[in-house]
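Here the structure is laid out as structure tokens; the discussion comes afterwards.
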DNA sequence: TCCCATGCCTCGATTATCTACACATCTTTA
DNA sequence: TAAAGATGTGTAGATAATCGAGGCATGGGA
């Protein structure tokens, strides 16, 4: 059960933005969804998630409103902004480029 | 020209160990080789490389000796130890697992 | 002579993440 | 009824890898 640290720094924001492409969600649901979608490989710590959400809000990539959740409790729902979508696209492209580059190095034939 | 930070933290050690699978090399050559092998996408900063090399040496994953380089100058050649090989295998497996998980999340179908 | 490539290294700052908490409500279980 | 667990948001302090910028030294070419 690897933590999104280890080598995934900076990737958390991308994961969060990507999850919000499916529509507005509150923090707890975002964390759960990432874990599920990744086949239980990635788990997002609350101490990383909320600061990341606040960063994204400060930079205008997401907006947030208080609304009752499915269970009737008050929860903070985050939505992607156009700026957030653009940011996601950039980070996604960056990820593809860099992870492909790492693969080239580590999977390449010896000698 | 992405920096191996951005999302590659912790990956540097793996890249270095992988490069040493091709035989002993000095720091400068390791950096150059990673850059070449990655198709000029990854570039290793000296301020990251040497601390990483020293960490790996302290933990016994590599050994180092001074020898003249191809150009005749004294250089510090690093070699993989058995412990380093084991570490590389673990990190390589970890990388595959986690990068595949990230791909699952970000490439998955919407909704 | 001056510059550039080679080659090693350190220092301070940045920054995201982690662990571990605190707080609140609602539901389930003993 | 009381305890426990799930839901849900958040902060505080510490950690640690990386970065940028610099220093130092040698050798070769212009």
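Chains as they are written, first to last, in this note's numbering: chain G, 2 to 112; chain F, 2 to 112.
Even glycine gets a Cβ: it sits at the ideal position worked out from N, Cα and C.
Query                                                                                                                                      : Result
Interface residues of the stretch 88 to 110 of chain G facing chain F [CB-CB below 7 Å]                                                    : 93, 95, 96, 98, 99, 100, 102, 103, 105, 106, 107 and 109
Cβ pair residue 15 (chain F), residue 71 (chain F) closer than 8 Å                                                                         : no
Buried versus exposed, by CB contacts within 10 Å (16 or more), residue 67 (chain F)                                                       : exposed
Beta carbon of residue 26 (chain G) nearer than 8 Å to that of residue 79 (chain G)                                                        : yes
Per-residue DSSP class, three states only, for residue 70 (chain G)                                                                        : coil
Presumed contact (8 Å Cβ cut-off) between residue 106 (chain F) and residue 107 (chain G), rounded CB distance                             : Not quite, the Cβ-Cβ distance comes to about 21 Å (not below 8 Å), so this is no contact.
CB contact below 8 Å: residue 60 (chain F) versus chain G                                                                                  : no
Alpha-carbon to alpha-carbon, residue 24 (chain F) and residue 86 (chain F)                                                                : 12 Å
CA nearest to the CA of residue 62 (chain G), picked from G:12, G:17 and G:42                                                              : G:17
Residues near residue 40 (chain F) by beta carbon distance below 8 Å, same chain, minus five either side                                   : none
DSSP-derived helix/strand/coil call for residue 62 (chain G)                                                                               : coil
Contacts of residue 35 (chain G) in chain F (Cβ-Cβ under 7 Å)                                                                              : 106
Residue 83 (chain F) versus residue 81 (chain G) - alpha carbon distance                                                                   : 48 Å
CB-CB length for residue 59 (chain F) against residue 42 (chain G), believed under 8 Å                                                     : Between residue 42 (chain G) and residue 59 (chain F) the Cβ distance is about 30 Å, and since that is not below 8 Å, they are no contact.
Buried versus exposed call for residue 28 (chain F) [16 or more other C-beta atoms within 10 Å across all chains shown]                    : buried
Residue-chain proximity (residue 50 (chain F), chain G), Cβ-Cβ < 8 Å                                                                       : no
DSSP-derived helix/strand/coil call for residue 81 (chain F)                                                                               : strand
Residue 88 (chain F) versus residue 19 (chain F) - alpha carbon distance                                                                   : 10 Å
Short CB-CB distance (under 8 Å) between residue 39 (chain G) and chain F                                                                  : yes
CB contact flag (residue 50 (chain F), residue 32 (chain F), <8 Å)                                                                         : yes
Chain-order list of residues whose beta-carbon lies under 8 Å from that of residue 64 (chain F) (same chain, five-residue window excluded) : 58, 79, 80 and 82
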